[in-house]
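*Asks:* Protein chains in written order, with this note's numbering: chain A, 1193 to 1500; chain B, 45 to 597.
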Amino acid sequence: MIPIILGVAILVFTLMTFCPGDPASIILGSSATEEDLQAMNEQLGLNKPFLVRLGVFLRDTFFRFDLGTSYLTRISIVDSIKEYLPRTMILTIATMLISVTLALPFGIMAATHQGRWQDHLSMVFALIGISIPSFWLALLLILLFSVKLKWLPAMGIGGIQYYILPALSGSLGGVAGLARQTRSSMLDVIRADYITTARAKGVSEFKVITRHALKNALIPIITVVGTQFGKHLGGTMVIETIFGIPGMGQFIITGVNQRDYPVVQSGAIFLAAVFSICMLAVDLLYAAADPRIKAQYAGKRRKVKEHA
Amino acid sequence: MKQRVWKKTVALLIAMVMLVSLTACGNSGTEKDGEKPTAGGNHTTQDNTEKTDLPEGQQEGDAASAGGEKESVTIGVTGVWATLSPYQTTLNQFGNFVRLLYDRLAYLTPEGEYVPQAAKSWEIEEDGITWNVEIYDTIYDSAGNHITASDIVWNLEENMAQALKPFFNKIESVEQTGDYTLKIVMKNNVVGAFELVLISTYAVSQKAYEDSADGFATSVISTSPYKVTEFVAGSHLTFEKRDDYWKTDANSPYLQNNVKTVTYQVINEASQQQIALETGTVDAFESLTPSLVRDFESNNNFSIAGAPSSNGSQMFFSGHESRPVANDVNLRLAICYAIDVEGLIASCYDGYAEPMHDPAVNTLVGYLSKWDSEEYYGYNVELAKQYLEKSDYKGQTLELMQSSGTQGERVAQMIQGYLMAIGIDCKLTILDSALFSASRFDGSQYDMIMIAGGGVTLPAFWGNRFDMNAYELGDGTSRHDEVLTQMLYDTWVYDGFTEENIDAIHQYLLENCIAYGLVNTTINNVYNNSLGLTKTWMGYSGTVDYVASEYEA
């Protein structure tokens, strides 16, 4: 994890440095003269050599845990992340909850009824879900639930009701992908000998599916869920813009557009860290879901103890 | 059998999706049952002065006798506000909400008048660069801190140190001369430079600012008639009227405070702007997306107050020697006469723009109104072809640089089409705003560049664009025009800021055709008639100041 974050930090810093676009001219606007621009570049430290700036950036970030301040607003990046992250976190959790709650039953139903109408229905739903752009779905949901029925707010932030439509809009693509993955994983295990054995022993079909088949099909599903969670936590710019939610997506994209280097660099490091943590959590969940993986680690520990 | 069931299922699903789409896409107007929107919603184009914009059935109120105080108004706006700091960039310089955060030394009206706010008076010494300012001795902020000249001096020095607004760099020194008096020495006597400092300096208590944990970024100790009660960056900003405001009477109708609670709601997505207005989430919207305005024109529940923007849309020709247009005035004239500005307005601005008559917008201080009635490169294809024949153009590809964005790109595409129609090969270079900002001063990268330029004073605008000593490569397009630069310098000083000198520059620009002012967009402010507005007062940027505006009693 540490090498990944370090690598991302160096890569993003280098890319931003060589990316055309001058932060000083954006900060000062069209009325700035050459003299003003040079003074601003000096104030921001942008006239120093690349390696010196990189060294300062890595030192501040990894040894002083100081992500700096925004060039434009002069607000601490840590404070900004503290403000924006909770909204993105709520949206992500709600989105993932909807995705998992809908996708697993759909996927299981499709697998257990392979080739029948339930399977086709689920897969057509998945196809539609993947094909519908989230911004279009968002607008339809707003028109229906906010304008016509007046059940939910169309935009803004506040209570949990403000996150329902954004979560629904953002989750449909995830539902579709996850349902297809669940179907595929379930089909792999559903014809296995141990499933036949379980059925032969008289175990109820519900228990066969949930305790024997699903548990063994969980590994690829966990991978997809973990990846989606990390991706959503980075911010979903389209959903945040449509619903007026100031979250991580808006924060980072604004930083990119305005060449606000500290925001972009810190945002990228944050995303790398979040994604790495998600992948770590996925690995831990593998062990929880599959006793064979857990046994591998336990076996290794035992061997180390015996050698000692 | 299975196939038939499958087909039926798919057909059913498609039908359901279509039904949901149709239901959701239905008319979402707010008119009551039985009421139909009729043509002829109220639309008034304003000329940046206070004007009445009356919904049907309402009577104009008397400016001197203000009507009732409005309980609350929610205003939709676009943009991203990340900070309330008094030392932010020029991005929101003229936003109406700024006057609700801090009192400035002076307030700039749309007519270009400087109204004293925290400053009581200011006068210039004989040297032309030293200004003596006296502030009111009764200024207190919302935390009870007394504001004195030392706070203003500290504030000016902080602005100079943070250097986020270029005009503070024009100050040589600041000195406190009394409890409520100070002296500001400018580096030179450029017209309007001191006034920019006046309107950009906010009355802030040094103690309050230094005690603040985040430099007023999210929580402000206000010197204005309002205090911030809630701020969420990128979402909303709410103000509540103060009972303990230091100034008892507004000394200008532009500084009236007729609303108790004001909320600014950020809505960047276009369809959400319309929905917010129609569902009553917001009472009004500042500068509504032009493509949505037509819907409200035909809706009697809403009125539209239009005003010219303080930024225009101009095309500047490169002055870099490597470019074909740099020294070929006939080619530049051919290009100007080939462009149908009215066509641009109809196609790209939905009719919400006015043709310009100078590279500068007509809201700038110093702009001569007589230019608006003069001939200015009318659309004339025959004349354009004649100039093209006289030019040295030999089929080279000319590059037109434009910042990315739907409207700007459409303008550039139409210009490309107009030029192709007279036989000029034109290539578009569309850059993202950051890259565009970094490239715009380098005339070697383009033949023509589209800029949205504006500001406050004519000398400042012309100086930024045509002063050959302003940038490393020359003027704003890498041109080295000594004659024009000298003419500019002559108008910069107060003695030379005469109608004759200003007109001479306008004529020089016209004859030499180094820039073409295309259109000045109209800011469309849409508001719900239920607000009961009897008189609207505009802010400098062309948006309605709903706090100063007057309401039914």
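Cβ atoms here follow ideal geometry from the backbone N, Cα and C, with glycine treated the same way.
Do you know offhand how far B/Glu516's Cα is from A/Glu1226's?
*Replies:* Roughly 6 Å between the two C-alpha positions.
*Asks:* By DSSP, does B/Leu577 sit in helix, in strand, or in coil?
*Replies:* Looking at B/Leu577 - three-state DSSP - the assignment turns out to be strand.
*Asks:* Counting only the same chain and skipping the five closest in sequence on each side, list residues whose C-beta sits under 7 Å from that of B/Glu202.
*Replies:* The answer, listed in chain order, is Tyr131.
*Asks:* Using 8 Å as the threshold, is the C-beta distance between A/Ile1414 and A/Leu1333 below it?
*Replies:* Cβ distance not < 8 Å, so A/Ile1414 and A/Leu1333 don't count as in contact.
*Asks:* List the residues of chain B that A/Asn1449 touches, going by C-beta distances under 8 Å, in chain order.
*Replies:* In chain order: Asp476, Ser477, Ala478.
*Asks:* Decide if B/Leu149 is buried, meaning its Cβ has at least 16 other Cβ atoms within 10 Å, or exposed.
*Replies:* Per the 10 Å Cβ criterion, buried.
*Asks:* Buried or exposed for B/Thr133, please, with buried defined as at least 16 other CB atoms from any protein chain shown within 10 angstroms of its CB.
*Replies:* The residue is buried, with at least 16 neighbouring Cβ atoms inside 10 Å.
*Asks:* So is B/Phe480 buried or exposed if we call it buried at 16+ other beta carbons inside 10 Å?
*Replies:* With 16 or more other Cβ atoms within 10 Å, it is buried.
*Asks:* Inspect the CB distances between the segment 1214-1231 of chain A and the segment 1444-1458 of chain A and report whether three or more fall short of 8 Å.
*Replies:* The segment 1214-1231 of chain A, when compared against the segment 1444-1458 of chain A, does touch it at the 8 Å Cβ threshold.
*Asks:* B/Arg148 bridges to which residues according to DSSP?
*Replies:* DSSP lists B/Tyr246 as partners of B/Arg148.
*Asks:* Do we get a CB-CB distance below 8 Å when we pair A/Asp1228 with the residues of chain B?
*Replies:* Taking Cβ atoms only, chain B reaches closer than 8 Å to A/Asp1228, which makes this a yes.
*Asks:* Report, in whole angstroms, the separation of the C-beta atoms of A/Ala1359 and A/Thr1287, which I expect to be a contact under 8 Å.
*Replies:* With a Cβ gap of about 5 Å, A/Ala1359 and A/Thr1287 count as contacting.
*Asks:* Counting along the chain, where does the alpha helix (DSSP H) carrying B/Trp175 start and finish?
*Replies:* From DSSP, B/Trp175 is part of no alpha helix (DSSP H) but of the beta strand (DSSP E) over 174-179.
*Asks:* Please list, in chain order, the chain B residues whose beta carbon lies closer than 9 Å to that of A/Leu1220.
*Replies:* Going along chain B in sequence order, the residues near A/Leu1220 (Cβ under 9 Å) are Thr133, Thr134, Ala207, Leu208, Lys209, Pro210.
*Asks:* Between B/Tyr151 and chain A, is any beta-carbon pair separated by less than 8 Å?
*Replies:* Output row for B/Tyr151: interface = no.
*Asks:* When the Cα atoms are used, what is the spatial distance from A/Gly1541 to A/Lys1342?
*Replies:* With chain A running from 1193 to 1500 in the structure shown, residue 1541 of chain A is simply not present.
*Asks:* With DSSP run on the structure shown, which of helix, strand or coil describes B/Gln309?
*Replies:* B/Gln309: strand per DSSP, three-state reduction.
*Asks:* Could you tell me the distance, in whole angstroms, from the CA atom of A/Ile1285 to the CA atom of A/Ala1460?
*Replies:* Near 21 Å, if we compare the C-alpha coordinates of A/Ala1460 and A/Ile1285.
*Asks:* For the pair the segment 433-446 of chain B and the segment 368-385 of chain B, tell me if three or more CB-CB distances fall below 8 Å.
*Replies:* Result yes; three or more Cβ-Cβ pairs closer than 8 Å.
*Asks:* Would you say the segment 339-347 of chain B touches the segment 464-481 of chain B, given that touching needs at least three Cβ pairs under 8 Å?
*Replies:* Cβ pair count under 8 Å is below three, so no.
*Asks:* Using a Cβ-Cβ cut-off of 8 Å, state whether B/Gly586 counts as contacting chain A.
*Replies:* For B/Gly586, the answer is no, since every Cβ of chain A falls outside 8 Å of its Cβ.
*Asks:* Using a Cβ cut-off of 8 Å (strictly closer), state whether A/Ala1481 contacts chain B.
*Replies:* Not an interface residue.
*Asks:* Can you check whether the C-beta of A/Ile1269 is within less than 8 Å of a C-beta belonging to chain E?
*Replies:* Included in the structure are the protein chains A and B, with no chain E among them.
*Asks:* Against A/Arg1266, what residues of chain B qualify as contacts under a CB-to-CB distance less than 9 Å, listed in chain order?
*Replies:* Per Cβ cutoff of 9 Å: Thr127, Ser129, Tyr131, Gln132, Gln206, Leu208, Gly259, Ala261.
*Asks:* For B/Asn343 and chain A, any beta-carbon pair shorter than 8 Å?
*Replies:* For B/Asn343, the answer is no, since every Cβ of chain A falls outside 8 Å of its Cβ.
*Asks:* If contacts are defined as beta-carbon pairs under 8 Å, then A/Thr1388 and A/Gly1299 qualify, I think. What distance do you get, rounded to the angstrom?
*Replies:* With 8 Å as the limit, A/Thr1388 and A/Gly1299 do not qualify as a contact, their Cβ atoms being about 21 Å apart.
*Asks:* Buried or exposed, going by whether 16 or more other CB atoms sit within 10 Å of the CB of B/Cys69?
*Replies:* Interpretation of B/Cys69 is limited by its pLDDT of 43, a score under 50 that renders its predicted location unreliable; the figure taken from the coordinates is listed afterwards. It is exposed - the Cβ of B/Cys69 has fewer than 16 other Cβ atoms within 10 Å.
*Asks:* Determine the burial state of A/Leu1207: buried for a count of at least 16 other Cβ atoms within 10 Å of its Cβ, exposed for fewer.
*Replies:* Result: exposed.
*Asks:* Could you have a look at A/Lys1399 and say whether DSSP puts it in helix, strand or coil?
*Replies:* Of the three classes helix, strand and coil, the one that applies to A/Lys1399 here is helix, per DSSP.
*Asks:* State the DSSP-derived secondary structure class of B/Pro130, mapped to helix, strand or coil.
*Replies:* Of the three classes helix, strand and coil, the one that applies to B/Pro130 here is coil, per DSSP.
*Asks:* At the level of alpha carbons, what is the spacing between B/Met494 and B/Val455?
*Replies:* One C-alpha to the other measures close to 9 Å.
*Asks:* What's the gap between the Cα of B/Met531 and the Cα of B/Asn295?
*Replies:* Those two C-alpha atoms are separated by around 38 Å.
*Asks:* What's the C-alpha gap between B/Glu596 and B/Asp589?
*Replies:* Taking the straight line joining both Cα atoms gives about 16 Å.
*Asks:* With A/Met1301 as the anchor, note down where its alpha helix (DSSP H) starts and where it stops.
*Replies:* That run of the alpha helix (DSSP H) goes 1269-1304.
*Asks:* Rounded to the nearest angstrom, how far is the Cβ of B/Ile191 from that of A/Ser1338, given a contact under 8 Å?
*Replies:* That belief does not hold up - the Cβ atoms of B/Ile191 and A/Ser1338 are roughly 45 Å apart, past 8 Å.
*Asks:* Is there a Cβ of chain B sitting closer than 8 Å to that of A/Pro1454, yes or no?
*Replies:* A/Pro1454 does not count as touching chain B.
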